[in-house]
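Using full-length UniProt numbering, the first residue of the sequence shown is number 1, and each one after it goes up by one.
Working notes, structure below.
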Amino acid sequence: MQTSSDPNSSRALHHQIAQDLTSRIGREEGYCDRLPSEATLCRIYGVSRVTIRHALQHLENAGLVCRRQGRGTFVVPAAERTTAPQPDPVMGLSDILQARGMKVETELLAFGLEPAPPEVMAALEPDGQQALLLRRRYLIDHVPVALTEVYYPPAFRAFISEHDARVHSSPRLMVDHIGLRLGRTHLTVDVTEARHALAAELDLPCGSPVMVMRRITCDDAGTACEHSTLLARPGIARLSITAHGGNLPDTDFVPRDPWPPAG
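Rendered as structure tokens:
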């Protein structure tokens with residue numbers, strides 16, 4: 001049976017396919033003990049092998065199938081499946097500040113397709129040279145405290161309205177509007193000086209220190225779906241890391257190059 005994904009759906013193709021496969025597993029002939037081969041699934045859904053592999057990764061993450069190198073994708077018997085832990089509620093900067101009782105105002109400074117900087121191109125690998133930019137400023141008691149610059153794959157533009165961009169945090173946009181299941185997130189934290197434009201936007205003296213937090217978020221199949229930069233004035237946040245057994249897993253210390261910094 002020929003099956004096609006819906007290009008107008010707010011969910012990425014591999015999520016649509018994963019959802020369709022989930023509805024077939026254990027219910028339709030050919031989907032009870034093992035799934036059709038990747039090549040067969042490509043023909044069934046009319047998509048690339050990369051898309052099929054992303055879809056199968058979602059199913060494996062959910063505990064529905066197991067993939068064996070060179071043998072195929074097998075259905076995990078219902079009695080042997082483990083329930084995936086429920087993720088914590090997704091929260092962005094405005095959600096966190098509001099949860100602490102702060103009245104936060106959000107200003108949408110930019111929203112639309114823009115040329116992607118090199119670091120965004122490297123992280124998201126978008127089709128073409130553009131990415132969807134969402135730039136916002138946050139104020140507490142009418143005082144600007146932070147800016148965020150968030151880039152998404154350009155295809156997300158069809159599913160995020162200007163109103164959505166104004167009122168919803170980035171994690172909520174990805175989960176509730178795009179339909180993603182979020183996976184690994186990589187964070188880097190730095191301190192820089194506020195140059196003229198940034199200093200004016202944050203109402204700071206030029207040269208003031210500004211915290212920079214960069215985040216690359218992947219979906220549960222490991223595909224990067226967000227490149228975010230938070231620029232915050234001093235005093236808005238404190239970085240806290242909890243370590244177990246004296247270890248800091250996946251943590252790196254990168255010294256300045258050149259060292260010491262000029263000035």
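We put the CB at the ideal spot given by N, CA and C, even for glycine.
- The DSSP-derived three-state label of R27 is coil.
- By the CB criterion at 7 Å, H186 and I216 fall inside the cutoff.
- DSSP assignment within the region 17–86 yields the following whole alpha helix (DSSP H) runs of 4 residues or more, N-terminal first: 38–45 and 49–61.
- Comparing C-alpha distances from V47 to each of L13, A18 and S37 shows the shortest one belongs to L13.
- Along the region 96–146, the beta strand (DSSP E) occurs as fully enclosed runs of 3 or more residues at 104–115 and 130–140, listed in sequence order.
- Comparing alpha-carbon positions, the option among P126, L113 and P144 lying closest to L132 turns out to be L113.
- Scanning P234, I160 and L180 for the CA closest to the CA of E193 turns up P234.
- Counting along the chain, no alpha helix (DSSP H) covers H227; the unbroken beta strand (DSSP E) around it starts and ends at A224 to A232.
- In the DSSP annotation of this structure, the continuous segment of the alpha helix (DSSP H) that includes V167 starts and ends at E162 to V167.
- Three or more beta-carbon pairs drawn from the region 145–165 and the region 226–233 are found closer than 8 Å, and the two stretches are therefore classed as touching.
- Within its own chain, the residues whose Cβ lies closer than 6 Å to the Cβ of T188, once the five positions on either side in sequence are excluded, are R214, listed in chain order.
- Beta-bridge pairing by DSSP links D219 to L182.
- Around the beta-carbon of Q69, fewer than 16 other beta-carbon atoms lie within 10 Å, marking it exposed.
- Counted as a single uninterrupted DSSP element, the alpha helix (DSSP H) harbouring A197 occupies residues H196 to E201.
- Of the candidates A55, A39 and E38, the residue whose Cα lies closest to the Cα of Q16 is A55.
- Counting other Cβ atoms within 10 Å of its Cβ, V167 stays below 16 and is therefore classed as exposed.
- As computed with DSSP, L204 is found in no beta bridge at all.
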